[in-house]
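I have placed the structure first, in the form of structure tokens, so that the comments after it can refer back to it.
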Amino acid sequence: MNHAHSQALFARAQARIPGGVNSPVRAFRGVGGDPVFFREGAGAWLTDVDGNRYVDLVGSWGPLILGHAYPPIVDAIIEAARRGSSFGAPHAGEVEFAELICATMPAVEMVRLVSSGTEATVAAIRVARGFTGREHILKFEGCFHGAGDPFLVKAGSGVETLGLPDSPGVPSALAKLTLTAPFNDLAAVERIFAEKGQDIACAIIEPVVGNMGVLVPRPGYLEGLQALCQKHGVLLVLDEVMTGFRLARGGAQELYGLKPDLTTMAKVVGGGMPLGAYGGRRDIMEKVAPAGPVYQSGTLSGNPVAVAAGLACLKALAAPGTYARLEEVSRMLEVGLLAEAKAAEVPVTINRVGSMLTVFFTGEPVYDYTSAKQADTARFGEFFHAMLNEGVYLPPSQFEAAFVSLAIGEPEVAHVLAAARKAFRSLGKTG
Ligand code: PMP
Numbered sequence: 019m020n021h022a023h024s025q026a027l028f029a030r031a032q033a034r035i036p037g038g039v040n041s042p043v044r045a046f047r048g049v050g051g052d053p054v055f056f057r058e059g060a061g062a063w064l065t066d067v068d069g070n071r072y073v074d075l076v077g078s079w080g081p082l083i084l085g086h087a088y089p090p091i092v093d094a095i096i097e098a099a100r101r102g103s104s105f106g107a108p109h110a111g112e113v114e115f116a117e118l119i120c121a122t123m124p125a126v127e128m129v130r131l132v133s134s135g136t137e138a139t140v141a142a143i144r145v146a147r148g149f150t151g152r153e154h155i156l157k158f159e160g161c162f163h164g165a166g167d168p169f170l171v172k173a174g175s176g177v178e179t180l181g182l183p184d185s186p187g188v189p190s191a192l193a194k195l196t197l198t199a200p201f202n203d204l205a206a207v208e209r210i211f212a213e214k215g216q217d218i219a220c221a222i223i224e225p226v227v228g229n230m231g232v233l234v235p236r237p238g239y240l241e242g243l244q245a246l247c248q249k250h251g252v253l254l255v256l257d258e259v260m261t262g263f264r265l266a267r268g269g270a271q272e273l274y275g276l277k278p279d280l281t282t283m284a285k286v287v288g289g290g291m292p293l294g295a296y297g298g299r300r301d302i303m304e305k306v307a308p309a310g311p312v313y314q315s316g317t318l319s320g321n322p323v324a325v326a327a328g329l330a331c332l333k334a335l336a337a338p339g340t341y342a343r344l345e346e347v348s349r350m351l352e353v354g355l356l357a358e359a360k361a362a363e364v365p366v367t368i369n370r371v372g373s374m375l376t377v378f379f380t381g382e383p384v385y386d387y388t389s390a391k392q393a394d395t396a397r398f399g400e401f402f403h404a405m406l407n408e409g410v411y412l413p414p415s416q417f418e419a420a421f422v423s424l425a426i427g428e429p430e431v432a433h434v435l436a437a438a439r440k441a442f443r444s445l446g447k448t449g
């Protein structure tokens, strides 16, 4: 596969953009080599600037659940843009959108739109602190909640891929307010709450972790966390930036029967446009300015083009059978990948919930940060490049989730599995 044009662009990019990319994990630091520059996406397929084609299992890191350039979303974007790209003032679309989000997620009684997941999580923490009058927060090791200062403590995703300690530039006084516990360990939360519960505003968690690769909550874990939060007056913030509208129409909270106090959203909810949201209990959300004293704002918040894309996306996902189909295709991929790894005698553990999936290069179970770190990242890198060479675009890090889209059908599954057969066998020989 020739990547001459990508390489030339990357050389130029590195001169003017830090690391040559506008978000760290795109730089292939987790797998080695240079990133691929893309020209076009259509349905399940991406075409790079050298004309190579790939089945896309990244989907822009989650938003593209309907595939690339899904026609009803493209039409909605064009139509909205023709009426003006931004008003900085209220419009009808955002009211319809808020009503639709609240109807889809019953725990969300009021919602505020923002422009990214990071904005949503930063705002949710501020509201939780403002509402409770407490300053500490609890997060879970390996969970990533965006690049906000309170979260760059034992964060997964790009922070993990780059092997960075917690980021310079985050004041230590602020970082000290972020407590951490291992994922899937209720006893640890119990200990922390017993000692410091009255100082903790909220616990924020990815209900299914995507940012350490996929980690699956043990049965009863999320319910237990919710009960502990209630007992100690700690708000539960479910970060559904990845899982919202993906694991079920009503997100992980629908799948696991949870009722979080606050929910953060982005990715799927914006249909591929820059849009995020946070919402939850009415009494908490009424603290947000101008209804209440907790300040949060945004020039492009509720942007009419982004809202039009989000509305078109959520409406398409309401079609009957959507999530059953996504589950079926994702299961075919999981079963097929596992079979190919076995046939090539490459030990792997595949974690999957719905359309989020990670192939960990370890034969041991992976259920938290420590067990995920046992995976062989060098082997993952070899696998990644072998798959890329066969026309499959995987997330370029062992510690990221692959996302399956509704554009992936049986031909694409067959393409991925044929690629995986070759890729696992090439590892089998060198491993
Ligand atoms: N929360 C979670 C769970 C995420 O996965 C991400 C991004 N991958 C974020 C928050 C931050 O979202 P954004 O990149 O849109 O700021």
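According to the numbering used here, the sequence shown is numbered sequentially starting from 19. Just so it is clear, CB atoms sit at the ideal spot from N, CA and C, and this is done for glycine as well. This structure is a prediction, so every number in the text was calculated from the model and none was measured.
Please state if the CB of residue j and the CB of residue i are separated by a distance shorter than 8 Å.
i	j	result
residue 122	residue 332	yes
residue 386	residue 203	yes
residue 404	residue 374	no
residue 120	residue 127	yes
residue 48	residue 389	no
residue 232	residue 264	no
residue 424	residue 91	no
residue 29	residue 60	no
residue 329	residue 114	yes
residue 171	residue 193	yes
residue 150	residue 253	yes
residue 78	residue 290	yes
residue 240	residue 225	yes
residue 442	residue 364	yes
residue 142	residue 255	yes
residue 85	residue 62	yes
residue 392	residue 408	no
residue 201	residue 160	yes
residue 244	residue 273	no
In three-state DSSP terms, what is residue i?
i	result
residue 86	strand
residue 250	helix
residue 331	helix
residue 407	helix
residue 34	helix
residue 301	helix
residue 291	coil
residue 58	strand
residue 27	helix
residue 313	coil
residue 426	coil
residue 121	helix
residue 394	coil
residue 170	coil
residue 188	coil
residue 209	helix
residue 46	coil
residue 402	helix
residue 442	helix
residue 149	helix
residue 347	helix
residue 126	coil
residue 385	coil
residue 363	coil
According to DSSP, which residues form a beta bridge with residue i?
i	result
residue 229	231
residue 12	Within the shown structure, residues of the chain are numbered from 19 to 449, placing residue 12 beyond reach of any answer.
residue 2	Since the first residue of the chain shown is 19 and the last is 449, residue 2 is not available in this structure.
residue 370	375
residue 255	222, 280
residue 306	312
residue 72	64
residue 421	374
residue 296	130, 282
If residue i and residue j are in contact, beta carbons under 8 Å, what's the gap, nearest whole angstrom?
i	j	result
residue 154	residue 218	5 Å
residue 72	residue 366	Not quite, the Cβ-Cβ distance comes to about 21 Å (not below 8 Å), so this is no contact.
residue 445	residue 401	6 Å
residue 24	residue 43	At roughly 17 Å, the Cβ-Cβ gap does not stay under 8 Å, so residue 24 and residue 43 are not in contact.
residue 4	residue 130	The structure shown does not extend to residue 4, since the chain spans only 19 to 449, so no value can be given for it.
residue 138	residue 132	5 Å
residue 344	residue 422	6 Å
residue 76	residue 27	Their Cβ separation, rounded to whole angstroms, is 18 Å, which puts residue 76 and residue 27 out of contact at 8 Å.
residue 305	residue 148	6 Å
residue 116	residue 327	Not really, about 15 Å apart at Cβ, beyond 8 Å.
Quick test of the definition: if touching needs 3 or more C-beta pairs under 8 Å, does the region 290-298 touch the region 266-281? yes
Give a yes or no on contact between the region 344-362 and the region 305-323, applying the rule of three or more CB pairs nearer than 8 Å. no
Pairs of beta-carbons, one from the region 95-110 and one from the region 265-272, closer than 8 Å: are there three or more? no
Using 8 Å as the Cβ pair cut-off and three pairs as the minimum, do the region 359-376 and the region 218-237 touch? yes
Touch check for the region 204-216 and the region 148-165: three-plus C-beta pairs under 8 Å? yes
Does the region 103-110 come within contact of the region 336-344, defined as at least 3 CB pairs closer than 8 Å? no
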